[in-house]
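Numbering (this note's numbering), first residue to last: 14 to 222.
Right, dumping it as C-alpha cells:
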C-alpha cells in the first residue's frame, strides 16, 4: 500500500462529498493508437503494467510498459483549490498545520465582508490541508466510449430533479438524455467523435479521518 495525492476539480469534490462519486478516471500516458484495444497485466512488484494493444487497422500491435498510477489498497488524498484566510501571504512551509482552511468547492460563496479570498491552486495543497482521503478498491483500463451507465453514475452523474428525465452532475447547469453522455460532457469528451482515449479507472471508498 502506498499513499499519494490526486487532483480533484470542484465538481469532483462536491460529488464525492455528496456521495455521488465512487470512481475516477484519468488518461493513460502515453496513449496507444486510437483504434487499439488493450489487454493489461498488473505487476505489483514493479509497479508497471506490461500492455499489448491489438490494433484493428494496419498499425502493428503496440507493446509497452506503463506505470500504473494506483493499486488496490492505495490511499489517495485529494488536492483541491483552497486557502487559509488568516495566512494568505504566508509560505506553506511556515504555516501552522492546525489552522482554519477554506475550500473553493464548498466555501466560495461564504459571506464574509472582511476577506476577498486568495485561492491557492490545488496542486499546491499540502497533505495536512486535505479533507478527503480515498481508498482504492480496484483498478482497470478502458476507453472513454466503453463506459457503462452504472460506471457513469459512479463517476458522479445522477438522475436530475431539476432537469426532468435527464442526467447531470453536482451543480451543473444542464441535463443530458443518458448517463454516459453526461459523463462525456463532464470530462470534455466528444461522445460521437473520433477521440476515444484509454483511461485508467479506479473505484474507491471514502476514508474517515
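Just so it is clear, CB atoms sit at the ideal spot from N, CA and C, and this is done for glycine as well.
*Counting only runs that start and end within the segment 78–108, where is the alpha helix (DSSP H) found for 4 or more residues in a row?*
Counting only runs of 4 or more, we get nothing.
*Report the three-state DSSP secondary structure of residue 14 (helix, strand or coil).*
Taking the first residue of the chain shown as 1, we reach residue 14 at position 1. The DSSP-derived three-state label of residue 14 is coil.
*Select from 109, 39 and 135 the residue whose C-alpha is nearest the C-alpha of residue 22.*
One-based indexing of the chain shown puts residue 22 at position 9. For residue 22, the closest C-alpha among the options 109, 39 and 135 is that of 135.
*On the three-state DSSP scale, how would you describe residue 19?*
In the chain shown, the residue the question calls residue 19 occupies position 6. If DSSP states are grouped into helix, strand and coil, residue 19 belongs with the strands.
*With residue 193 as the anchor, note down where its alpha helix (DSSP H) starts and where it stops.*
Within the chain shown, the letter at position 180 stands for residue 193. Residue 193 -> alpha helix (DSSP H) spans 192–200.
*Where does the unbroken beta strand (DSSP E) through residue 214 begin, and where does it stop?*
Here residue 214 refers to the residue found at position 201 when the chain shown is read from its first residue. Following the DSSP letters along the chain, one finds residue 214 inside the beta strand (DSSP E) bounded by residues 211–220.
*Can you list, in chain order, the residues of its chain whose CB lies under 6 Å from that of residue 153, leaving out five sequence neighbours each side?*
By one-based count along the chain shown, residue 153 stands at place 140. If we look at residue 153 and ignore the five residues flanking it on each side, its Cβ neighbours are 214.
*From 209, 145, 190 and 131, residue whose alpha carbon lies closest to that of residue 220*: Looking up residue 220 in the chain shown gives position 207. Sorting 209, 145, 190 and 131 by C-alpha distance to the C-alpha of residue 220 places 145 at the top.
*Relative to the alpha-carbon of residue 111, which residue among 139, 130 and 119 has its alpha-carbon at the smallest distance?*
Within the chain shown, residue 111 is the residue found at index 98, counting from 1. Looking at 139, 130 and 119, the one whose alpha-carbon comes closest to that of residue 111 is 139.
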